[in-house]
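Colleague: In my numbering, the protein residues as written are 134 to 354. Just so it is clear, CB atoms sit at the ideal spot from N, CA and C, and this is done for glycine as well. Below are the structure tokens for one structure; questions will follow.
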């Protein structure tokens with residue numbers, strides 16, 4: 134997540150939607166004045182938050198009166214593409230690099246290593262069957278099912294959509310093609326859903342995400 138109190142916005146970092154790219158760019162634009170994963174209260178207190186804090190976590194840990202007045206931003210990605218990207222992201226990671234990382238606590242190392250090993254050993258179909266996907270809805274909707282965010286961008290048009298959103302917020306920026314960070318390498322996503330059973334399982338598990346993604350795209354674009 135990235136909070137910029139000067140321009141009164143909060144970016145929610147939904148996994149595998151280009152969130153790393155966006156946060157690096159927002160940090161660059163703020164010239165180091167603000168840091169990712171920090172929320173700046175009006176009192177001057179700084180609250181450190183997990184990078185992928187979702188709506189529920191934010192509402193549980195931040196003052197509602199301050200959170201309500203902030204413009205919230207999130208990017209959404211085609212759920213089919215997002216699952217493929219996540220699978221190959223883990224598959225391409227180095228187990229030894231994770232284990233030797235000095236900035237990662239032991240519990241997270243174990244979780245990451247398990248994910249990576251699973252993806253290295255098993256095909257995409259098994260990943261779809263067993264992996265508990267984190268819903269994009271957790272970054273879009275409140276507990277009551279209402280839209281929590283004010284601005285929605287598309288991962289597929291990340292640079293132009295981010296420039297459009299920042300322009301509306303009054304933040305000086307130029308529409309440049311932002312470099313992709315933590316990019317995974319794979320074939321076109323449709324290739325991995327050729328197996329009808331894999332596609333059926335995915336749609337059964339992620340039907341709500343697919344539905345809300347299609348609805349958001351049709352409403353906002």
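#1: So, residue 242 versus residue 254, is the Cβ gap smaller than 7 Å?
#2: Between 287, 257 and 286, which lies nearest to residue 332 when the distance is taken from Cα to Cα?
#3: By how many angstroms is the C-alpha of residue 207 removed from the C-alpha of residue 337?
#4: Please list, in chain order, all residues of the same chain as residue 310 whose beta carbon is under 6 Å from its beta carbon, the five residues on each side excluded.
#5: Take residue 395 as the anchor and find which of 282, 312 and 299 has the nearest alpha-carbon.
#6: Short of 7 Å in beta carbon distance, which residues of its chain neighbour residue 317, apart from the five on each side in sequence? Order them along the chain.
#7: Residue 200: which of 214, 136, 301 and 247 sits nearest, CA to CA?
#8: On a Cα-Cα basis, can you pick out the residue from 270, 234 and 209 that is closest to residue 294?
#9: Let me check understanding here. Comparing Cα to Cα, which of 263, 146, 173 and 346 lies closest to residue 138?
#10: For residue 186 and residue 151, what's the separation of their Cα atoms in angstroms?
#11: Skipping 5 residues on each side, what residues in its chain have a beta carbon closer than 6 Å to that of residue 326?
#12: Can we count residue 342 as close to the ligand PLP, meaning its CB is less than 6 Å from some heavy atom?
#13: For residue 154, is the classification buried or exposed, using 16 other Cβ atoms within 10 angstroms of its Cβ as the cut-off for buried?
#14: Roughly how far, in whole angstroms, is the beta-carbon of residue 261 from the beta-carbon of residue 180, given that I think they are within contact range, below 8 Å?
#15: I need the straight-line Cα distance from residue 157 to residue 315, nearest angstrom please.
#16: Go to residue 214, then tell me how far its alpha helix (DSSP H) extends in each direction, as first and last residue.
Modeller: Taking the definition as stated:
#1: Counted from its first residue, the chain shown places residue 242 at position 109. Counted from its first residue, the chain shown places residue 254 at position 121. Result no, Cβ atoms of residue 242 and residue 254 do not sit closer than 7 Å.
#2: As a working mapping, residue 332 is identified with position 199 in the chain shown. Among 287, 257 and 286, the Cα nearest to that of residue 332 belongs to 257.
#3: Here residue 337 refers to the residue found at position 204 of the chain shown. Here residue 207 refers to the residue found at position 74 of the chain shown. Their Cα atoms are separated by approximately 25 Å.
#4: On the chain shown, position 177 is the one that residue 310 refers to. 292, listed in sequence order.
#5: In the structure as shown, the chain starts at 134 and stops at 354, and residue 395 therefore has no counterpart that could be examined.
#6: The sequence position of residue 317 within the chain shown is 184, counting from 1. These residues qualify, in order along the chain: 218, 221, 222 and 225.
#7: By one-based count along the chain shown, residue 200 stands at place 67. The shortest C-alpha separation from residue 200 is found at 136.
#8: On the chain shown, position 161 is the one that residue 294 refers to. Comparing Cα positions, the closest option is 209.
#9: The residue given as residue 138 occupies position 5 in the chain shown. The residue with the shortest Cα to Cα distance from residue 138 is 173.
#10: One-based indexing of the chain shown puts residue 186 at position 53. One-based indexing of the chain shown puts residue 151 at position 18. Near 15 Å, if we compare the C-alpha coordinates of residue 151 and residue 186.
#11: Locating residue 326 in the chain shown gives position 193, counting from the first residue. Within the same chain, residue 326 has close Cβ partners 332.
#12: Among the components modelled here there is no ligand, and therefore nothing to report on the ligand PLP.
#13: Locating residue 154 in the chain shown gives position 21, where the first residue counts as 1. Residue 154 should be labelled buried.
#14: Taking the first residue of the chain shown as 1, we reach residue 261 at position 128. Taking the first residue of the chain shown as 1, we reach residue 180 at position 47. Not confirmed; about 36 Å, so no contact.
#15: Translated into positions along the chain shown, residue 157 becomes position 24. Translated into positions along the chain shown, residue 315 becomes position 182. Whole-angstrom Cα-Cα distance: 12 Å.
#16: By 1-based counting over the chain shown, the position of residue 214 is 81. Unbroken alpha helix (DSSP H) run through residue 214: 212-224.
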